[in-house]
Amino acid sequence: MGIDGLLTFVRSASSEVHISKFAGQRVAIDASSWLHRGAFSCARELALGQETDRYLRFPLRMIAMLRSHCVEPVLVFDGAKLPMKVRTDRLRSAARSAALQRAHREQRDKDFTDSITVTPAMADRLLRKLRESDTAFVVAPYEADAQMVFLVEHGHCAAAITEDSDLLAFRCPRTIYKLSPETGYCRLHSFDDLCHATDSSGSLLFDDWQSWKTGLFTDMCILSGCDYLPSIPGVGLKTAHAALSTHRSMQRAISALHDKFIWSKAQSADPAGRAELLQLTSEHLELCTMCQQIFKYATVWDPVSAALVPLHQLGTSLDIRDRDRLGPLMAPSDAKLLCEDGVLDPTSLQLYPTVEQSTASMPKREDVRSRFFDAVCPRVNTAACEPSSISIVQQNVVRRETAESALPLNEGAVAPCETDTFLYSAGVRSPMHFKAFHVPLSDEAKTAAFESAHLFAIDSPPCLGDAFLQRFRGI
DNA sequence: CGCTAGTACTCAC
DNA sequence: GTACTAGCG
């Protein structure tokens with residue numbers, strides 16, 4: 011999915027270059043897309059559960075190709091799914107399952123390739139090869155897209171190589187598409203060059219580029235439909251672009267689009283129906299605002315401070331539910347194991363089985379991100395840790411807990427680091443030894459935590475986009 | 001003219 | 001994830 015049609019829409023502002031343009035520099039690689047392409051060579055084996063690692067050949071070949079041009083790759087792996095992306099993920103996995111069913115019945119090549127899914131186990135095997143060959147990598151805590159943009163913006167990489175148009179929505183300074191494995195030629199999109207983008211008749215697409223650059227461009231991507239939110243039915247890139255060109259703000263553009271596409275249908279509607287439409291308009295604006303936040307503040311790994319940080323500096327303080335939509339934080343020790351060491355399955359936060367150690371013999375780890383929602387509920391793990399096993403950061407929690415008896419949610423407590431603020435707010439802490447720690451909360455705080463758990467728990471998240479679309483189509 | 005939905009493609013022999 | 005296109009509003 012990504013942003014449908016975006017690359018062709020802004021093609022005029024891109025250029026054909028050779029990868030050797032980046033000789034002597036590092037580039038961030040979307041590892042999943044290379045694994046996905048590699049999996050084409052062994053789609054049948056993967057679908058039938060047969061042992062193979064032929065999917066590693068393509069990524070390793072591409073790495074060798076880059077190095078032959080003196081370009082140093084940094085492979086960026088996907089992390090856990092963001093709650094707001096489940097609508098898209100569910101659609102994709104349903105399509106893959108259907109293909110797998112057909113593949114088993116009819117044994118057609120196309121169905122086998124359609125059923126391809128890049129698993130954490132496949133990522134793990136590539137990670138092991140990367141360590142052997144001394145190739146740099148980062149595992150994104152959540153979206154690899156956001157992680158690549160962070161690496162480029164902070165000068166760790168000169169550009170990002172991907173096939174996903176979302177990097178432009180994330181405002182990646184330099185993105186490389188369609189890198190040819192044979193020739194090394196590719197298409198370079200420099201974000202600032204978009205100020206020169208023209209339509210087919212030659213007129214400028216983004217007049218007053220500064221306002222597009224600082225927000226309207228991403229707003230256009232959101233309004234036209236992105237992975238986190240479907241668009242108003244009938245609205246694509248052109249319509250979103252036109253609305254924002256005229257109205258110059260997300261809010262006014264949404265109002266105008268709702269007027270045009272919906273309000274007309276309410277002329278004959280009863281007052282109650284009209285009131286519901288107004289309600290829908292404000293809810294749509296709220297959902298779009300959530301998407302703006304993801305594109306701006308998605309949680310990424312900062313290799314310098316060795317911590318999870320927002321893609322850009324958080325200007326305003328968000329409450330805990332807003333913060334979680336950007337990707338829940340986790341204990342610094344876990345974040346390092348996941349993102350820097352690459353030894354955790356991002357989805358389950360379990361250690362990858364080593365060659366010597368089978369899964370069964372390994373200690374079970376707590377998944378803080380999905381656990382913390384439940385951990386504040388009385389029915390789950392109310393036992394406190396042994397004092398001897400409490401880390402320094404935890405002792406802060408304990409001190410706060412005893413001083414104030416209970417921590418209300420959304421308090422925004424002052425803490426040594428952002429991760430701890432988050433965990434204070436949730437009233438739970440993941441110790442170094444992977445046991446959950448429970449801080450008693452007031453009844454009100456428990457209720458609030460319970461409600462947010464049901465709204466945003468990673469295991470069974472809601473499909474915000476689904477509900478929104480259904481109501482739209484019901485009109 | 002623009003959006004939607006359907007098809008074909010990514011590897012590698 | 002992409003690109004292309006016939007068909008429809």
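Using this note's numbering, the first residue of the first sequence is number 11, and each one after it goes up by one.
Ideal Cβ placement from N, Cα and C applies to all residues, glycine included.
Beta-carbon proximity check, residue i vs residue j, cutoff 9 Å
i	j	result
residue 160	residue 352	no
residue 229	residue 289	no
residue 186	residue 37	yes
residue 130	residue 344	no
residue 125	residue 41	no
residue 85	residue 147	yes
residue 328	residue 151	no
residue 51	residue 64	yes
residue 247	residue 14	yes
residue 29	residue 196	yes
residue 251	residue 268	no
residue 292	residue 16	no
residue 69	residue 77	no
residue 154	residue 32	no
residue 208	residue 23	yes
Through-space distance from residue j to residue i, alpha-carbon basis
i	j	result
residue 202	residue 177	14 Å
residue 204	residue 260	20 Å
residue 362	residue 199	36 Å
residue 226	residue 192	37 Å
residue 35	residue 172	17 Å
residue 137	residue 206	40 Å
residue 27	residue 255	31 Å
residue 236	residue 11	7 Å
residue 142	residue 45	18 Å
residue 190	residue 211	30 Å
residue 79	residue 358	37 Å
residue 19	residue 371	53 Å
residue 297	residue 332	11 Å
residue 144	residue 373	29 Å
residue 75	residue 188	14 Å
residue 182	residue 223	11 Å
residue 109	residue 62	20 Å
residue 25	residue 270	37 Å
residue 245	residue 364	49 Å
residue 218	residue 94	31 Å
residue 481	residue 346	42 Å
residue 71	residue 21	28 Å
residue 312	residue 232	26 Å
residue 135	residue 243	42 Å
8 Å contact criterion, which residue i and residue j should meet: CB distance rounded
i	j	result
residue 89	residue 67	Their Cβ separation, rounded to whole angstroms, is 24 Å, which puts residue 89 and residue 67 out of contact at 8 Å.
residue 240	residue 479	5 Å
residue 127	residue 106	5 Å
residue 262	residue 300	The Cβ separation is near 19 Å, so there is no contact.
residue 310	residue 157	5 Å
residue 316	residue 350	7 Å
residue 258	residue 221	7 Å
Helix, strand or coil at residue i [DSSP, three-state]
i	result
residue 486	What the structure shows of the chain is the stretch from 11 to 485, and residue 486 is not part of that stretch, so it cannot be assessed.
residue 13	coil
residue 28	strand
residue 79	coil
residue 209	coil
residue 224	helix
residue 166	coil
residue 349	helix
residue 236	strand
residue 40	strand
residue 123	helix
residue 23	helix
residue 186	strand
residue 256	helix
residue 334	helix
residue 181	coil
residue 18	helix
residue 317	strand
residue 195	strand
residue 456	For residue 456, the predicted model reports a pLDDT of 41, less than 50, meaning its position is unreliable; a value from the coordinates is still stated below. Helix, per DSSP.
residue 146	strand
residue 264	helix
residue 159	helix
residue 242	coil
Meets three-Cβ-pair contact criterion under 8 Å: the region 279–290 and the region 302–314: Touching, no, given that fewer than three Cβ pairs across the two stretches are closer than 8 Å.
Contact the region 107–127 vs the region 40–58: 3+ CB pairs below 8 Å: yes
Inter-stretch contact at 8 Å, needing at least 3 Cβ pairs: the region 117–124 / the region 309–324: no
Stretch-stretch touch, CB-based, cutoff 8 Å, three pairs: the region 93–102 with the region 158–175: Per the Cβ contact rule, the region 93–102 is not in contact with the region 158–175 (fewer than 3 Cβ pairs under 8 Å).
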